[in-house]
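Residue numbers (our numbering), protein chains in the order written: chain W, 8 to 173; chain H, 3 to 819; chain C, 670 to 944. Comments concern the structure below.
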Amino acid sequence: MPRLSRDMRHPIRLVVNGREMAGDAAPRLLLSDFLRHVLGLTGTHVGCEHGVCGACTVLIDGVPTRSCLVFAVQAAGRKVDTVEGLAGPDGELSPLQLAFQRNHALQCGYCTPGILMSLSAYLRTHPEPDEGALRDMLSGHLCRCTGYTPIIRAALEAARELRKES
Amino acid sequence: MSDRESRRIGLPLERFEDRALLLGRGRFADDMPVPAGTLHAAILRSPHPHAEIRGIDAAAARALPGVFAIVTGEDVRRWTRPFTVGVKQKMEHWCLAVDRARYVGEPVAVVLAEDRYRAEDALDAVAVDYAPLDAVVDPQLALAAEAPVLHAGVGGNLVSERRFRYGDPEAAFRAAPRRIAITIDYPRNSCTPIEGLVVLAEHLPGAEGYEVLANFQGPFALHPVMALALKVPGTRLRLKTPPDSGGSFGIKQSLFPYVVLMCVAARKAGRPVKWVEDRLEHLVAASSATNRVTTLTAAVSAEGEVTALAWDQLEDCGAYLRAPEPATLYRMHGNMSGAYKVRNLAITNRIVLTNKTPTGLNRGFGGPQVYFALERLMQCIAVELDLDPLEIIRRNLVPADAFPYRCPAGALLDSGNYQEAVARAVAEGGLDELRRRRDAARREGRLYGIGFAAVVEPSVSNMGYITTALTPEERHKAGPKNGAQASATVALDPLGGVSVAVASTPQGQGHATVLAQVAADALGLEAAEIRVTVELDTAKDAWSIASGNYSSRFAAAVAGSAHLAALRLREKLARLAAAQLNVPAGEIRFAGGRIFAAGNPENSLAFARIAGTGHWSPGTLPEGAEAALRETVFWTPPTLDPPNDADEVNSSAAHGFVFDFCGVEIERDTGRLRIDKYVTMHDAGRVLNPALLEGQVRGGFAQALGAALFEEFVYAEDGSFLSGTFADYLLPTTAEVPEPQILHIATPSPVTPLGAKGVGEGNSMSTPVCLANAVADALGVADIRLPMMPARLKALLEPAEPPPPARPASPGQSAAR
Amino acid sequence: MKPPAFDYVRAESVEETLAALAEEGDEARILAGGQSLVPMLNYRLVAPKLLVDIGNLGDLAAIEADGAAVRVGATVTQAQFLAWPGLAESLPLLAQALPDIGHYQIRLRGTVCGSIAHADPSAELPLCLVALSGTIMLRSRREARDVAADAFFSGALSTTRAPEEMIVAVRFPKRRSGCGYAFREFAMRRGDFALVAVAAIASDDGMRIAVGGVGDRPRACDLPPLADAALADALNAFAWELEATDDHFATAAYRRGLVRSLGRQAVAEAMRCRG
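Laid out in structure tokens, this is it:
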């Protein structure tokens, strides 16, 4: 790969939520900003830009990643999944999203997309998590509204639903 | 029309807000479209806690690629004037430091560029000639004669001092056998929403003035403050809020100076300007709760009855008295007796400025500071008298038959039954079992304690309480201020659809869901049929100075206003229906989407049929009937008078009650506190949606736990700021927040339209002190400072450590040298 | 909070990476997981001219064990290391320490070698490497050299790596028979950097105790077999030797206290699981 100059925008092609997308980015453009302001996917939120709050978490090649700690150029050629890709083709909420709604696991909803993305990956590899494991995994996300327990309840419930499905 | 049957209010309905948020389709401020040509702002902030600004050279910054303009104090002087201040003092607070910076993080210049990256690049190139001055950050040191003075015109740092006296405190202290006191140094903290502040400002070319989109939360009393600063009539400052806001908890009140600043920037650039606050900016400069030094003294009878309280409060508002300060100090003023029947009060309030970030709204707003002192004192009284702390609380609670109860400083406790709330909490929360656990733990030598806290939770602030900071003479001169106007509009569309619009600027609490429940009940519809809009436009919507989302006013005031507006609409519809159904209007009922006669439900019409009449056939209305189209209700609590000449003030319209107890254990080796059990009992009056109410309690508890255990804005003595990242300012995570046991009783408020009271702030007031009381019980110490970090608790339980070995030689071989 | 401008290259080979380092020296930074570097960039604490992304270098992605040590390549993430099947058997200390690194989401991206290169004095991996007397494998265009952990960390966020060198791997010596390994950490919250972390290795012949979070780098001391009061004295002496300082979370005295108490626990645990 050639060296990408700091002063120019470079074309980035990647697959977002299963769809080929493209946009231009200077090397320093954070993936969070690229998703939000270049691709218009504003569901990914920015809360701290130093990797603590977890609000901007997306999946890169299936792996939960803080998009504020990745540059758009790093995501070139990769698969990125964001909160916009969680629902079904007609907008039907996924079992995880429905569990969040039933359990009042969100209030302002600002941190929620990051939490959903972490959980969507985690529950795939850990189909039977207990509360302790979920509290440990989700300690990488800050939520100021809910006091967390409804999020844990929703995750446990979603895990049960997903087990039934598979 | 007396049909008050409700079927939706009181149900734990799922939220209508959630679907969009879960899909990633929320519309937060930074998600909203911007006009073409919008510039992006980055703010240069003072690295000094206190410094003269001798000059700014922005030429190099302006020459950088992508940079459009630099805004400095000169521009701010040209287009604005200093903000209005709540006390009479010669001090100026501009939206940008014009000649002197007074806290680390104070805005000094703004770079406008084609994107935020470029704008930040240019910050380093702005050359500011600072002459550093001595700084003071400790409120007590700031009072000293030799302390650096922040505002020369004031002559010192004390900007307000008032003494109050209610009942006969001197006599009570003379008569009391015991006098028990406590001094509290309450720290700074903030509820730090995960979304920062966002402002999009435009200066329109004609006479329209400024248009702003911002995730402001109110109070809209700050709208006139902004308009005055911008030197335009209020009608020339159009402020809009986005549909969604990523939390606020009071903090987004503090964006109003940035509205003014970005308006100036947009005017200078001739282009729209957008500013998105980042986390570093937020922590260093957005806002914080006040830190406060309180000495509270009680006159106590031999039986533990408190007969008088003497408050000495020294409030630190930071570098400027930014509106609505000094509100933090006066928010609780009418109820400085807490949940207790004490009749004699002496209060000394002093407000001091220091070289720290200006303070402002923060969940609990003044309550945490007051209750930390009051409830710690109650625990200390119990220790001194060798009585059970719960017994001390019980002996002093306002009696159940005393409601409505007028507190000595003027608060009207509208309803309550504190004894029953305590009794039920003790029984349902299992206090006896907790005591057994404590005894068992102590037998094993473990450090285990139980804490209690009883708190009156005020809601719906009286807009006049702040004027208690002025003398009666000053108030007479300025004219009376009081009330708390809430507004709601319920409208019918041509197809009979119902919409509700409010000026409550929610930040995630689920207002739309509750308003749909309220309107649905009034009109006999399903909640899902009601369309609620919560985004506000000051040019078009019904609002007043009390609008906004603060002082827990939604359920009590805003939902109540929507209820009243829906009832008005229903009354008009009933008259139209009565004419068509040939029954008296009083016999008309609304249910299941139909309007019918009470005695003969078959005699009915579809709701939509009548509801569209005002649009389609206004000419056919019965004689004297008005079309039912849109009803706007402004409601203000009838009990909110201005402070009287005796300085008595009913500072809030409704007063809920919280009673908490908890068991904690402290690890001997590390000082780490573990919560074994936490019980929180709430009386929030009538419950509108129990799921949302529990969400408020649980969320408030988690934030309070953060304040109790982790969170503090720390300044070094020299004024530098040490809590500038989320790795330094620690929020509790899933791993630190246990689930509290939440209990309820309900004594509906006779003051509010739906009988509801606020509930969102109680735990901010009760939880830190409840945990501290448990720690005091566990460690047998009185002097407890927040946050109760492990190192602090360890120092309390083991003041001395083993000395270094006599000879500096290590017994082993140090391998890393 | 946006990073300053830099050039970017996604390296296709170690040689290309080394060439870039040789050319740019101090002005280039290696980008692997980015969990330490990118926050520094967003804070604008560093402003390199060039970032060399080694994320695609497959030949640095291996975890390989020989008789004596486990070699972890430069792009191996902390999560991959934690999931390595041989971990508990070969590296019991790491099996205990790795779950305490940051959060799940951080470990999924953060690399083992990146944490070593970053050299945070409170981080778990530098501490473990020092405790186990591991080795950092450095390469430049001119030479390859191995540096002992003790000699690698030279201060807070500071190492003896030359600007033109990159860490290609680190080597963790495997469990020795007769030794027990224990790790104890105290942090303000789940996932935070340690206020104090202690690693202990014990055998019948003596013990090695390493401490992180106190002072500017992880430090170790070797002790003869000790118990009870003598062990307490030795831990106290080591605690005082570490030159702890105050910060707004904890006093130096508090940190010394944790060295004593976590040290006692770690030694007891290490003694118990000698095998």
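Built from N, CA and C at the ideal position, the CB exists for glycine as well.
Can you find the residues in the same chain that come closer than 7 Å, C-beta to C-beta, to Lys718(C), ignoring five residues on each side of it along the sequence?
Phe675, Asp676, Glu693, Glu696, Ala697
Those residues which DSSP pairs with Ser827(C) across a bridge:
Gly824(C)
Please compile the residues from chain W whose C-beta is within a distance smaller than 8 Å of the C-beta of Pro673(C).
Arg35
Local conformation of Gln219(H) per DSSP, three classes:
coil
Using the DSSP secondary-structure output, state which residues sit across from Trp637(H) in a beta bridge.
Beta bridge pairing from DSSP links Trp637(H) with Ala488(H).
What residue ranges within the segment 425 to 495 of chain H form continuous beta strand (DSSP E) runs of no fewer than 3 residues, ordered along the chain?
Here the runs fully enclosed are 449 to 463, 488 to 494.
Excluding sequence positions up to five away, which residues of its chain have a Cβ less than 7 Å from the Cβ of Ser4(H)?
With a pLDDT of only 36 at Ser4(H), under 50, the local geometry of the prediction cannot be trusted, and no value is derived from it.
Check whether the Cβ of Lys233(H) lies closer than 8 Å to any Cβ atom in chain C.
no
Leu690(H) (DSSP reduced to helix, strand or coil)
If DSSP states are grouped into helix, strand and coil, Leu690(H) belongs with coil.
Tell me which same chain residues have a C-beta within less than 8 Å of the C-beta of Ala321(H), skipping the five on either side of it?
Arg104, Tyr105, Glu108, Leu152, Leu355, Thr356, Asn357, Lys358, Thr359, Pro360
Residues near Ala793(H) by beta carbon distance below 8 Å, same chain, minus five either side:
Gly673
What first and last residue would you give for the alpha helix (DSSP H) that runs through Ala404(H)?
From DSSP, Ala404(H) is part of no alpha helix (DSSP H); its letter is neither H nor E.
Which residue from Ala348(H), Ile394(H), Arg102(H), Arg64(H) puts its Cα closest to that of His50(H)?
Arg102(H)
Within this structure, are the beta carbons of Gly306(H) and Arg397(H) separated by less than 8 Å?
yes
Residues of the segment 145 to 156 of chain W in Cβ contact with chain H at a cutoff of 9 Å, in chain order, please.
Leu145, Ser146, Gly147, His148, Leu149, Cys150, Arg151, Cys152, Thr153, Gly154, Tyr155, Thr156
Go ahead and label His478(H) buried or exposed: buried means 16 or more other beta carbons lie within 10 angstroms of its beta carbon, across all protein chains shown.
exposed
Taking C-beta pairs closer than 7 Å, name the residues in chain C that Gly139(W) reaches, listed in chain order.
Within chain C, no residue comes near Gly139(W); the closest Cβ sits about 11 Å away, beyond 7 Å.
Where Ser682(C) and Ala63(H) are concerned, what is the direct C-alpha to C-alpha distance, given to the nearest angstrom?
39 Å
Looking only at its own chain, which residues have a Cβ that is under 8 Å from the Cβ of Ala325(H), when we skip the five neighbours before and after it?
Phe85, Thr86, Val87, Gly88, Ala223, Leu224, Val227, Phe258
Status (buried if at least 16 other CB within 10 Å, exposed otherwise) for Gly875(C)
exposed
State the start and end residues of the unbroken beta strand (DSSP E) segment that holds His684(H).
675 to 685
Taking its Cβ as the centre, do 16 or more other Cβ atoms sit within 10 Å of Leu864(C), making it buried, or is it exposed?
buried
Closest Cβ-Cβ distance between Asp123(H) and chain C: below 8 Å?
yes
Can you give me the Cβ contacts of Val262(H) inside the same chain, cut-off strictly under 7 Å, excluding the 5 residues immediately before and after it?
Excluding the 5 residues flanking it on each side, Val262(H) has same chain C-beta neighbours closer than 7 Å at Thr82, Cys97, Met228, Ala231, Leu232, in chain order.
If the cut-off is 8 Å on Cβ atoms, which residues from the segment 745 to 776 of chain H count as contacting chain W, listed in chain order?
none
Using the Cα positions of Thr185(H) and Leu311(H), report the straight-line distance between them to the nearest angstrom.
13 Å
Taking contact to mean 3 or more Cβ pairs, one atom from each stretch, closer than 8 Å, check whether the segment 810 to 818 of chain C and the segment 774 to 784 of chain C are in contact.
no
Which one of Val214(H), Cys193(H), Ser192(H) has the shortest CA to CA distance from Val201(H)?
Val214(H)
Using 8 Å as the cut-off, can you tell me whether the segment 346 to 354 of chain H makes contact with the segment 425 to 432 of chain H, which would need three or more C-beta pairs spanning the two stretches below that distance?
Under the three-pair Cβ rule at 8 Å, the segment 346 to 354 of chain H does not count as touching the segment 425 to 432 of chain H.
Quick one: what does DSSP say Glu164(W) is sitting in, helix, strand or coil?
helix
State the Cα-Cα distance for the pair Val585(H) and Thr754(H), rounded to the nearest angstrom.
Computed Cα separation, rounded: 32 Å.
Stretch pair the segment 84 to 94 of chain W + the segment 11 to 25 of chain W: three plus CB contacts closer than 8 Å
yes
Check the Cβ-Cβ distances between Gly694(C) and every residue of chain W, and say whether any is below 8 Å.
no
CB contact below 8 Å: Cys664(H) versus chain W
no
At a threshold of 7 Å, does Leu472(H) count as lining the ligand ADP (C-beta to nearest heavy atom)?
Looking at this structure, you won't find the ligand ADP or any other ligand, since it has none at all.
Chain H beta carbons: is any one of them nearer than 8 Å to that of His787(C)?
no
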